[in-house]
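**Student:**
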Amino acid sequence: MSVLQLKNVAVPSRLNPVDLELPEGQLVGLVGPNGSGKSTLLMSAAGLLPAQGEVKWGGRELGEIPIMERGRFAAWVPQEAQFSFGFSVASVVGQGRFAHGDDGLGVAEALARFDLGKLADRPVNQLSGGERQRVMLARSLVVAPNIYFWDEPLAALDVKHALQVLELARELTQAGATVLMSLHDLRLAMCLDRAIVLDGGNLCADGDPETVLSNELLQSVFGVKVEKTDGWNLHLT
Amino acid sequence: MKLDERQKWAMPASIGLLVAAMFTSLVVGDMGMSPAMLWAGLTHTDELAATVLWNIRLPRTLVAIEIGAALAASGVVMQAFFRNHLASPGLLGVSAGGAAGAVVAIGAGWAAWSYFTVPVAAIGGAVAATMAVVVLAKQGASTERLLLAGVALNALLGAVTSYVLSNFTLSYERNAQIIFWLLGGLEDRTWEHVLMAAPIGLGAVLLWPLGRSMDLLSLGQTEAQSLGVDVVAVRRRMLVLATVMTALATAVAGMVGFVGLVVPHIFRLLFGPEHRRLVPVSIVGGAAFVLFCDVVARSAGNLRLGIITALIGGPFFLWMLRRQS
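So the protein lines, in turn, are chains A and B.
Under the working numbering, the residues of the first sequence are numbered 1 to 237, in order.
Under the working numbering, the residues of the second sequence are numbered 1001 to 1325, in order.
Below is the structure:
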């Protein structure tokens, strides 16, 4: 069964009608230039932005799913997290269990997974951009949802942590969850199961990254000449 | 002491402070009381002490507790709502809105209609001011935008008050009432005032379960919604409670500034920002703070309470800011 279904989902002047279906256990990347509608599509699919059309999670219309249940079904990581108060790293990660009755399950593991163990007591507003990004990813991990919506999760990360996140995403999808993330690094996009290309608010390609991310398409979408070499696939050692 | 060790002491320390402040407030005054005399007064075995306690000091102490709790709680809520630690009923003009409503009611002579006209007008003024602030300074607004919205609103409401003062032929009594509203004070507070502000207690109880949602909201509306917070309902409840609590506090004691700014700030620094702890601790600590300020005001030749909270709160807040930077 599809975990996410979009029918004619559109946001005036930002995203033209999009149809999309994501099955369970798929690692999907959204690529496209700045302002192409990646975040708009992600937020609409995550039910965080009012959009026209129909959004279904697990076959149910989004509007019929109670807010608390939504908090367990999907997890969202924004492009850039703003922290106004000095909550500790552990406390922010623990917020991911809000819809589960704040049981604190998996927080210690998530902190360790994102190298945040030593920062657990640090106020989040004193962290670097990359550390904040890892905190938000760890928070989404403890939600243990069916689908992850990650908006440019790798943007602020160094190469080691970026590859760790991809490895984690692979593990999550192997365990049956679906990950939909936007990203700019086309080399990393090649490691995913599926790539969706957006340009000017239109979905212009969808499929296997090797096929979809063709030189011609990349040139027409990004306006630059791209050459693939053997060095696409990166592995963490 | 480490933060988690300090956190264990948050509630006992605040309650201890409040008990000490209540005791001080009951024994300090024109007629000093020993603990024995206090007991004699409370149990009506000494009629003079009983009169002073039951007619003057107890209602005054209880009103101080109510307004301290209300203003500190409103400060915490507004800071979480606007995601800015400088948001507070005083700086944003909500208190001034309440005061302007009350002053207009007094100036127009409506106060004579009913005992509840002035509080209702204060609530109306505070609600209007809150709505204006929500429009002017959206959630997550920068400190500059928030402060400018507050400055603009405070100036506008000040103009309303000045208009009432300069254009109505006022009796001495009405003028005195208006000055009371503008400077804030606890003189001559009666059991009626205690009852009038009693819904503050209900507000505090209703705020309690919102603590966790406020944690999530203070890190962003969208993020909170994604984690399962009913953002619209929680924010509405936060705003209504903060506004009504501020309005009731202003209705019984006039404009008392800095409580909503300083108290949450101090307790957040001492015990961390988690609202499930911060809300109750600020409610108890805010009550203790206002009580202590009132004792100082009484001891310093019956100064106005609003002057004392500003004199203590202002420099303390500046010191905190300096220390933080």
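No residue lacks a Cβ here, since even glycine has one placed at the ideal position from N, Cα and C.
Predicted model only: the values in this text are computed from it and were never measured.
For Asp1230 of chain B, return the contacting residues in chain A, with the cut-off set at a CB-CB distance below 7 Å.
**Tutor:** Reading the second sequence from its first residue, position 230 is the one you call residue 1230 of chain B. Under the 7 Å cutoff, chain A gives Ile67.
**Student:** Please state if the CB of Val11 of chain A and the CB of Leu49 of chain A are separated by a distance shorter than 8 Å.
**Tutor:** As a first step, residue 49 of chain A must be located in the first sequence, where it is residue number 49. As a first step, residue 11 of chain A must be located in the first sequence, where it is residue number 11. Their beta carbons are under 8 Å apart, which means Leu49 of chain A touches Val11 of chain A by this criterion.
**Student:** Consult DSSP for Cys204 of chain A and reduce its assignment to one of helix, strand or coil.
**Tutor:** Taking the first residue of the first sequence as position 1, residue 204 of chain A is located at position 204. The answer is strand: DSSP assigns Cys204 of chain A an E or B state.
**Student:** For Pro145 of chain A, which of helix, strand or coil comes out of DSSP?
**Tutor:** As a working mapping, residue 145 of chain A is identified with position 145 in the first sequence. Coil at Pro145 of chain A, not helix or strand.
**Student:** Looking at chain B, is there any beta carbon in it that lies within less than 8 Å of the beta carbon of Phe85 of chain A?
**Tutor:** Within the first sequence, the letter at position 85 stands for residue 85 of chain A. Proximity of Phe85 of chain A to chain B, defined by a Cβ-Cβ separation below 8 Å, is satisfied.
**Student:** Cβ of Pro1264 of chain B within 8 Å of Cβ of Val1076 of chain B?
**Tutor:** Translated into the one-based positions of the second sequence, residue 1264 of chain B becomes position 264. Translated into the one-based positions of the second sequence, residue 1076 of chain B becomes position 76. A contact, by the Cβ cut-off of 8 Å.
**Student:** Using a Cβ-Cβ cut-off of less than 8 Å, give me the residues of the stretch 1220-1245 of chain B that come near chain A, in sequence order.
**Tutor:** Per Cβ criterion, the list reads Gly1220, Thr1222, Glu1223, Gln1225, Ser1226, Leu1227, Gly1228, Val1229 and Asp1230.
**Student:** Just verifying my parser: in three-state terms, what is the DSSP assignment at Val31 of chain A?
**Tutor:** Numbered from its first residue, the first sequence carries residue 31 of chain A at position 31. Looking at Val31 of chain A - three-state DSSP - the assignment turns out to be strand.
**Student:** For Leu30 of chain A versus Leu198 of chain A, is the C-beta spacing smaller than 8 Å?
**Tutor:** Counted from its first residue, the first sequence places residue 30 of chain A at position 30. Counted from its first residue, the first sequence places residue 198 of chain A at position 198. Yes. Within cutoff.
**Student:** For chain A, check one thing: does any of its Cβ atoms lie closer than 8 Å to the Cβ of Leu1026 of chain B?
**Tutor:** Against the second sequence, residue 1026 of chain B aligns to sequence position 26. Output row for Leu1026 of chain B: interface = no.
**Student:** I want to verify the contact list: residues of chain A whose CB lies under 7 Å from the CB of Ser1218 of chain B, in sequence order.
**Tutor:** Residue numbering aside, residue 1218 of chain B sits at position 218 when the second sequence is read from its first letter. The answer, in chain order, is Ser84 and Phe85.
**Student:** In this structure, does DSSP put Asp1046 of chain B in helix, strand or coil?
**Tutor:** As a first step, residue 1046 of chain B must be located in the second sequence, where it is residue number 46. In the structure shown, Asp1046 of chain B sits in coil (DSSP, three-state: anything other than H, G, I, E or B).
**Student:** So which of A:Val221, A:Ala74 and A:Glu61 has the shortest CA-CA distance to Met43 of chain A?
**Tutor:** Here residue 43 of chain A refers to the residue found at position 43 when the first sequence is read from its first residue. A check of alpha carbon separations from Met43 of chain A across A:Val221, A:Ala74 and A:Glu61 identifies A:Ala74 as the nearest.
**Student:** Have a look at Gly25 of chain A and Val1231 of chain B and give me their C-alpha separation to the nearest angstrom.
**Tutor:** As a working note, residue 25 of chain A is residue 25 in the first sequence. As a working note, residue 1231 of chain B is residue 231 in the second sequence. In a straight line, the C-alpha of Gly25 of chain A is about 30 Å away from that of Val1231 of chain B.
**Student:** Assess contact between the stretch 1034-1044 of chain B and the stretch 1194-1207 of chain B, defined as three or more Cβ pairs (one per stretch) separated by less than 8 Å. Is contact present?
**Tutor:** no
**Student:** Please compile the residues from chain B whose C-beta is within a distance smaller than 9 Å of the C-beta of Trp76 of chain A.
**Tutor:** Numbered from its first residue, the first sequence carries residue 76 of chain A at position 76. Chain B residues near Trp76 of chain A: Thr1222, Glu1223, Gln1225, Ser1226 and Leu1227.
**Student:** Grab the span of the alpha helix (DSSP H) containing Glu1066 of chain B for me, first residue to last.
**Tutor:** Translated into positions along the second sequence, residue 1066 of chain B becomes position 66. First-last of the alpha helix (DSSP H) with Glu1066 of chain B: Leu1058 to Phe1082.
**Student:** Classify Gly1254 of chain B as helix, strand or coil using the three-state DSSP reduction.
**Tutor:** Taking the second sequence and counting its residues from 1, one reaches residue 1254 of chain B at position 254. In the structure shown, Gly1254 of chain B sits in coil (DSSP, three-state: anything other than H, G, I, E or B).
**Student:** Reducing DSSP to helix, strand and coil, say where Leu137 of chain A ends up.
**Tutor:** As a first step, residue 137 of chain A must be located in the first sequence, where it is residue number 137. Of the three classes helix, strand and coil, the one that applies to Leu137 of chain A here is helix, per DSSP.
**Student:** Cutting at 7 Å between CB atoms, please list the residues of its own chain near Thr237 of chain A, excluding the five before and the five after it.
**Tutor:** Within the first sequence, numbered from 1, the residue matching residue 237 of chain A stands at position 237. In this prediction, Thr237 of chain A scores a pLDDT of 45, lower than 50, which makes its location untrustworthy; the coordinate-derived value is nonetheless stated afterwards. Result list for Thr237 of chain A: empty, nothing under 7 Å.
**Student:** For Phe1116 of chain B, count neighbouring Cβ atoms within 10 angstroms of its own Cβ and tell me buried if that reaches 16, exposed if not.
**Tutor:** Counting from one through the second sequence, the residue named residue 1116 of chain B turns up at place 116. Label assigned to Phe1116 of chain B: exposed.
**Student:** If contact means a Cβ-Cβ distance below 8 Å, which residues of the stretch 90-106 of chain A contact chain B?
**Tutor:** Ser91, Val92, Gln95, Gly96, Phe98, Ala99 and Asp102
**Student:** Could you pull out every residue in the same chain whose Cβ sits closer than 8 Å to the Cβ of Gly129 of chain A, ignoring the five residues on either side in sequence?
**Tutor:** Counted from its first residue, the first sequence places residue 129 of chain A at position 129. Excluding residues within five positions, the ones whose Cβ falls inside 8 Å are Glu80 and Ala156.
**Student:** DSSP state of Leu15 of chain A, grouped into three classes?
**Tutor:** What you label residue 15 of chain A is simply residue 15 of the first sequence in a count that begins at 1. Strand.
**Student:** Pick helix, strand or coil for Asn1302 of chain B, following the three-state DSSP scheme.
**Tutor:** For this step, residue 1302 of chain B is matched to residue 302 along the second sequence. Coil at Asn1302 of chain B, not helix or strand.
**Student:** Quick one: does Glu1274 of chain B have its CB under 8 Å from some CB of chain A?
**Tutor:** Your numbering for residue 1274 of chain B matches position 274 in the second sequence. Chain A contact via Cβ: present.
**Student:** To the nearest angstrom, how far is the alpha carbon of His235 of chain A from that of Leu163 of chain A?
**Tutor:** Position 235 of the first sequence, counting from 1, holds the residue named residue 235 of chain A. Position 163 of the first sequence, counting from 1, holds the residue named residue 163 of chain A. Here His235 of chain A scores only 46 on pLDDT, less than 50, and its place in the model should not be relied on; the value that follows carries that caveat. The straight-line gap from Cα to Cα measures roughly 7 Å.
**Student:** With a cut-off of 8 Å, do at least 3 Cβ pairs link the stretch 1086-1105 of chain B to the stretch 1141-1160 of chain B?
**Tutor:** yes
**Student:** Excluding sequence positions up to five away, which residues of its chain have a Cβ less than 6 Å from the Cβ of Ala1049 of chain B?
**Tutor:** As a working mapping, residue 1049 of chain B is identified with position 49 in the second sequence. For Ala1049 of chain B, where only same-chain residues beyond five positions count, the Cβ hits under 6 Å are Met1037, Ala1040 and Gly1041.
**Student:** Could you check whether Ala1249 of chain B and Leu1071 of chain B sit closer than 8 Å to each other, using their CB atoms as the reference points?
**Tutor:** If you number the second sequence from 1, residue 1071 of chain B lands on position 71. If you number the second sequence from 1, residue 1249 of chain B lands on position 249. In this structure, Leu1071 of chain B places its C-beta atom within 8 Å of the C-beta atom of Ala1249 of chain B.
**Student:** At 8 Å on the CB atoms, spell out the chain B contacts of Leu48 of chain A, in chain order.
**Tutor:** To locate residue 48 of chain A, count along the first sequence from 1; it is residue 48. Here the neighbours are Thr1222, Gln1225 and Ser1226.
**Student:** Under a CB-based cut-off of 8 Å, is Gly71 of chain A close to chain B?
**Tutor:** Locating residue 71 of chain A in the first sequence gives position 71, where the first residue counts as 1. Closer than 8 Å: yes.
**Student:** Measure how close the beta-carbons of Gln1007 of chain B and Phe1289 of chain B come, nearest whole angstrom, since I'm counting them as under 8 Å.
**Tutor:** One-based indexing of the second sequence puts residue 1007 of chain B at position 7. One-based indexing of the second sequence puts residue 1289 of chain B at position 289. At roughly 20 Å, the Cβ-Cβ gap does not stay under 8 Å, so Gln1007 of chain B and Phe1289 of chain B are not in contact.
**Student:** Just verifying my parser: in three-state terms, what is the DSSP assignment at Gly53 of chain A?
**Tutor:** Here residue 53 of chain A is taken as the residue at index 53 of the first sequence, counted from 1. DSSP places Gly53 of chain A in strand when its eight states are reduced to three.
**Student:** Please tell me whether Val1063 of chain B and Val1194 of chain B are closer than 8 Å, where the distance is taken between their beta carbons.
**Tutor:** Numbered from its first residue, the second sequence carries residue 1063 of chain B at position 63. Numbered from its first residue, the second sequence carries residue 1194 of chain B at position 194. Yes, these two residues count as a Cβ contact at 8 Å.
**Student:** So His1265 of chain B contacts chain C; which residues on that side make the cut at Cβ distance below 7 Å?
**Tutor:** Among the protein chains of the structure shown, namely A and B, there is no chain C.
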